[in-house]
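Residue numbers for the sequence shown follow numbering that gives the first Met the number 0, so the first one is 0 and each next one is one higher.
Don't be surprised by glycine CBs; every beta carbon is placed ideally from N, CA and C.
Model, not experiment: these values are computed from the prediction.
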Amino acid sequence: MPHSLSSKAQEPALLPVDWPLLPAEEKILVAVSGGADSMALLLVLVQAGRELVVAHVNHGLRGAESDADQAFVAAHCVSLRLPYVSERVTVACRNGHANEAAARQARYESLIRQARLHSCSRIATGHTASDLLETVLMNWLRGAAIGGLSGIPPQRPLTKDILLVRPLLQATREQTRAACRQANWGWREDLSNQDPKYLRNRVRHELLPVLEHLMAGGGSIERLAQQTSRASTVLREELAYLDQVAQDHLAALTLCREEQLIALDGLRFRELPPVLQRRVLRCGVQQLQGQVRDVSLEAVEKVRCHVMAKGRRKVWQWRHGMNIEWTGEMAGNRIRLWLVSDKG
0 MPHSLSSKAQ
10 EPALLPVDWP
20 LLPAEEKILV
30 AVSGGADSMA
40 LLLVLVQAGR
50 ELVVAHVNHG
60 LRGAESDADQ
70 AFVAAHCVSL
80 RLPYVSERVT
90 VACRNGHANE
100 AAARQARYES
110 LIRQARLHSC
120 SRIATGHTAS
130 DLLETVLMNW
140 LRGAAIGGLS
150 GIPPQRPLTK
160 DILLVRPLLQ
170 ATREQTRAAC
180 RQANWGWRED
190 LSNQDPKYLR
200 NRVRHELLPV
210 LEHLMAGGGS
220 IERLAQQTSR
230 ASTVLREELA
240 YLDQVAQDHL
250 AALTLCREEQ
260 LIALDGLRFR
270 ELPPVLQRRV
280 LRCGVQQLQG
290 QVRDVSLEAV
300 EKVRCHVMAK
310 GRRKVWQWRH
320 GMNIEWTGEM
330 AGNRIRLWLV
340 SDKG
């Protein structure tokens, strides 16, 4: 073993790991919060002898507890002689609680900085099948479209040169804890995971026990998480195919393409089946914005239905400076998507 692992920690962890996401020739930045999931990921990477840098992001949201998490991860890395970096970030709070989206953005910005500083092309996180199940349920409660119901992707580009990978999406939370216990590998518990003000916690502690009670044949949440992980893999494959078809139709319908503008042929758009109309609109938004995280099914459907009803000219203002306009019958039957600068 390349590091000072105890004899118990040298026993291979019984965890399903998506190793193709972790090429042996690439240096990996491992995001470690100190929780069982990220500690289990660190364990299997150390056991495999991978070249890695451990990164910890301290949001400072839990005071002394956050500092204790940071100290725990640092001490663990020192004992194993692992390269370690940490960064404290500031996250805006409202009514005494952190904005989850702002915290996520600050965390990934920090990880990207550290990955570049240490020449890591991949950032690995410890998301599990249990996280995926909770995410699917949260997205369902929010009225997500098929993309949201596909859960957490195993990989996605964060920048042109850095890939985010989640190699434990086939493992459950129970399995990561079992792996840590087997290796006598400690972890920290985040008490904010009990706070019912956060939707994920309500799903975890209130909804999932009800589902487990209703499952036939003595089913468990662990089994449901594994089933959801497998179903999400199939769903993502089918979505990838639909997206490619939609991209082809978007190219065929495009009348004008500029840096901040796409104009589509409205008449030909109306000939498409609804499933492709929705995806063409989302693909157009993605081309201009780079992502469609904040474009809801409801927003897309409002545009689509107005166009199909041959309504009069209308402009929809979406988040982050994204506008869509339907010019209407009297002005050439065009759908215009464009970005608005911060200066308006």
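Practice prompt. Please confirm whether L28 and V52 have their CB atoms less than 7 Å apart.
Written response: Taking C-beta atoms as the reference points, L28 and V52 count as a pair closer than 7 Å.
Practice prompt. State the beta-bridge partners of D264 as determined by DSSP.
Written response: The secondary-structure analysis by DSSP pairs D264 across a beta bridge with R333.
Discussion item. Let me make sure I understand the geometry here. Which of A128, I323, L213 has the alpha-carbon closest to that of A167?
Written reply: Looking at the sequence provided, one finds Leu at residue 167 rather than Ala. Checked all of A128, I323, L213; the closest Cα to L167 is A128.
Fill in: Beta-carbon proximity of H117 to V90, cut-off 7 Å
Going by beta carbons, H117 and V90 fall outside the 7 Å limit.
Discussion item. Rounded to the nearest angstrom, what separates D17 and Q169 at their Cα positions?
Written reply: One C-alpha to the other measures close to 8 Å.
Worksheet entry | Nearest-angstrom Cβ-Cβ length linking F71 and R187, presumed shorter than 8 Å | At roughly 5 Å, the Cβ-Cβ gap stays under 8 Å, so F71 and R187 are in contact.
Worksheet item: Taking just the CA atoms, how far does R176 sit from L14?
Response: Taking the CA atoms as reference points, L14 sits about 10 Å from R176.
Fill in: Cβ-based burial, W139 [other Cβ within 10 Å; buried from 16]
Around the beta carbon of W139, fewer than 16 other beta carbons sit within 10 angstroms, so the residue counts as exposed.
Discussion item. To the nearest angstrom, how far is the alpha carbon of L223 from that of L131?
Written reply: About 11 Å.
Worksheet item: According to the neighbour-count rule (16 or more other Cβ atoms, all chains shown, within 10 Å of its Cβ), is A23 buried or exposed?
Response: By the Cβ neighbour-count rule, A23 is exposed, with fewer than 16 other Cβ atoms within 10 Å of its own.
Item to complete: Sort A250, S109, Q226 by Cα distance to V56 and report the nearest one.
Response: For the residues A250, S109, Q226, the minimum Cα distance to V56 belongs to S109.
Worksheet item: Under three-state DSSP, which class holds I355?
Response: Outside the shown range of the chain (0 to 343) lies residue 355, about which nothing can therefore be said.
Discussion item. If I measure Cβ to Cβ from E133 and keep anything under 8 Å in the same chain, skipping five residues before and after, which residues do I get?
Written reply: Excluding sequence neighbours, E133 sits near R199, V202, R203, L207.
Item to complete: For N192, collect the residues of the same chain with a Cβ closer than 7 Å to its Cβ; drop the 5 residues on either side in sequence, then sort them by chain order.
Response: Once the five neighbours on either side are set aside, the close Cβ partners of N192 are N200.
Practice prompt. Name the one or two DSSP bridge partners that P156 has.
Written response: L162, per the DSSP bridge assignment.
Item to complete: Have a look at the DSSP bridge pairing and note the partners of I111.
Response: In DSSP, I111 forms no bridge with anything.
Worksheet item: Of the choices S32, G218, E237, whose alpha-carbon is the least far from that of Y107?
Response: The shortest CA-to-CA distance from Y107 to any of S32, G218, E237 is the one to S32.
Worksheet item: My guess is that S85 and A73 are in contact by the Cβ rule of under 8 Å, so how many angstroms apart are they, rounded?
Response: Between the beta-carbon of S85 and that of A73 there is about 7 Å, and that keeps the pair under the 8 Å contact cut.
Discussion item. For R98 and K196, what's the separation of their Cα atoms in angstroms?
Written reply: Note that residue 98 corresponds to Asn in the displayed sequence, not to Arg. Roughly 12 Å separates the two Cα atoms.
Worksheet item: Helix or strand or just coil, what does DSSP make of Y83?
Response: If DSSP states are grouped into helix, strand and coil, Y83 belongs with the strands.
Item to complete: Would you give the residue range spanned by the alpha helix (DSSP H) that R386 belongs to?
Response: No answer is possible for residue 386: it lies beyond the span of the chain, which begins at 0 and ends at 343.
Discussion item. Just to check my reading of the structure: G146 and L40 have Cβ atoms closer than 8 Å, yes? What is that Cβ distance to the nearest angstrom?
Written reply: Going by Cβ atoms, the distance from G146 to L40 rounds to 26 Å, so no, they are not a contact pair.
Fill in: CA-to-CA distance, L162 to S78, given in whole angstroms
Spanning the alpha carbons of S78 and L162 requires a straight line of approximately 28 Å.
Item to complete: Please say whether V302 and W315 have beta carbons closer to each other than 7 Å?
Response: Cβ atoms of W315 and V302: closer than 7 Å.
Discussion item. Helix, strand or coil for I151? Go by DSSP, reduced to three states.
Written reply: Of the three classes helix, strand and coil, the one that applies to I151 here is coil, per DSSP.
Worksheet item: What does L51 pair with, by DSSP beta-bridge criteria?
Response: Beta-bridge annotation (DSSP): L51 is paired with I27.
Fill in: DSSP beta-bridge partners of C255
In the DSSP output, where bridge partners are listed per residue, C255 has A262.
Discussion item. Using a Cβ-Cβ cutoff of less than 6 Å, which residues in the same chain neighbour R333 once the five nearest sequence positions on both sides are dropped?
Written reply: Only residues of its own chain outside the window of five on either side were considered, and among them A262, G265, T326 have a CB closer than 6 Å to the CB of R333, listed in chain order.
Discussion item. Taking the beta carbon of L336 as the centre, do at least 16 other beta carbons fall within 10 Å, making it buried, or is it exposed?
Written reply: Classification for L336: buried.
Item to complete: Taking all protein chains shown into account, decide if T171 is buried (16 or more other Cβ within 10 angstroms of its Cβ) or exposed.
Response: Looking at its Cβ environment, which holds 16 or more other Cβ atoms inside 10 Å, T171 is buried.
Practice prompt. Tell me, please, which residues DSSP counts as bridged to N57.
Written response: Its beta-bridge partners are R87.
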